[in-house]
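Take a look at the structure below.
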Amino acid sequence: MIQELKKYYGGQFEPALIEEINGVGTFMEVPEGQDLIKPGQYVKSMPLLLSGSIKVLRPDSDGDELLLYHLEKGDTCAMTMTCCIGNTKSEIHAVSETPAKLLMIPVGKMEEWSSKYKTWRVFVFDSYHTRMMEMLESIDNIAFNNMDERLENYIQDKIEILNSKHIYTTHKEIAKDLHTSRIVISRLLKKMEKDQKIKLHRSFIEIKQF
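Quick note, the numbering used here runs 2 ahead of the 1-based positions in the sequence shown.
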């Protein structure tokens, strides 16, 4: 594990901090579709994502969810950090979008390292800033873009996150992430196929012109 930490964070954290992370972190390897944080849970540790992708969603009172942002290799979750520090219940749902490897850091270490290591403070503040900008982008997307534009942005994000032009997902799953109906998504995908931007297959979407 120490080698992986050095690989991902060696240029970012002091060697002493790397050693501490290795000493207290709990390694987790999760499959695709694994719930990591559920709404209403108390969060006792903070994730460092070593590989894979996690999507963070915000549920509403009806049980529907809206995609807020993705976490990728080297990221952590600002919403999780907020819950850890405030000892409050989670208001988000985090689920692995791909198989992922994580290192869970005990909440007690967050404040200790913030005063002890400058690089950790910078990492935490940068993470807050990045996640905030991503949430603002999501809000702008909802407020100012039509659903067809939102769908194109969603697919473009998928291409970059998965590094693939074959997106294995369902119309229902896309509709859930974008907080709309499956019928709307199916109609828009068929229009994109007609425009030769994508090709729809039984179990995946093939990207043509993105």
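Note that beta-carbon positions come from the ideal geometry of N, C-alpha and C, so glycine has one too.
Residue ranges of uninterrupted alpha helix (DSSP H) with 4 or more members, entirely inside the segment 114-157 and ordered along the chain, are 120-146. Within 10 angstroms of the beta-carbon of residue 78 lie 16 or more other beta-carbons, which makes it buried. Going by DSSP, residue 44 is part of no beta strand (DSSP E) at all; its letter is neither H nor E.
Cβ neighbours of residue 97 within its own chain (closer than 8 Å, five residues either side excluded): 35, 36, 37, 38, 56, 57 and 59.
Contact between the segment 145-152 and the segment 185-202 is present, with at least three C-beta pairs closer than 8 Å.
For residue 207, the enclosing beta strand (DSSP E) has its first and last residue at 207-209. Residue 32 and residue 54 have their C-alpha atoms some 9 Å from each other.
CA-to-CA, the gap between residue 172 and residue 205 works out to about 7 Å. A residue is called buried once 16 or more other Cβ atoms fall within 10 Å of its Cβ, and residue 162, having fewer, is exposed.
Counting along the chain, residue 193 sits inside the alpha helix (DSSP H) bounded by residues 184-196.
Listed in chain order, the non-local C-beta contacts of residue 22 below 8 Å within the same chain comprise 111 and 115, local neighbours out to five positions each way being set aside. Per DSSP, residue 173 is not a residue of any beta strand (DSSP E); the alpha helix (DSSP H) it occupies stretches across 173-180. Inter-residue distance for residue 108 and residue 95 is about 19 Å (C-alpha atoms, whole angstroms). When secondary structure is reduced to three states using DSSP, residue 94 falls in the coil class, being assigned neither helix nor strand. The C-alpha of residue 202 is placed about 33 Å away from the C-alpha of residue 104.
Fewer than three beta-carbon pairs drawn from the segment 60-68 and the segment 123-133 are found closer than 8 Å, and the two stretches are therefore not classed as touching. Your pair residue 20 and residue 12 checks out as a contact, with CB atoms roughly 7 Å apart and the cut at 8 Å. Secondary structure at residue 109: coil, using DSSP grouped into helix, strand and coil. Membership of residue 8 in any beta strand (DSSP E) is not indicated; the residue belongs instead to the alpha helix (DSSP H) covering 4-11. Here residue 10 is near residue 52, since their CB atoms are less than 8 Å apart. Ranked by Cα distance from residue 196, the first of 24, 211, 183 and 135 is 211. Under the three-state reduction of DSSP, residue 160 is assigned to helix.
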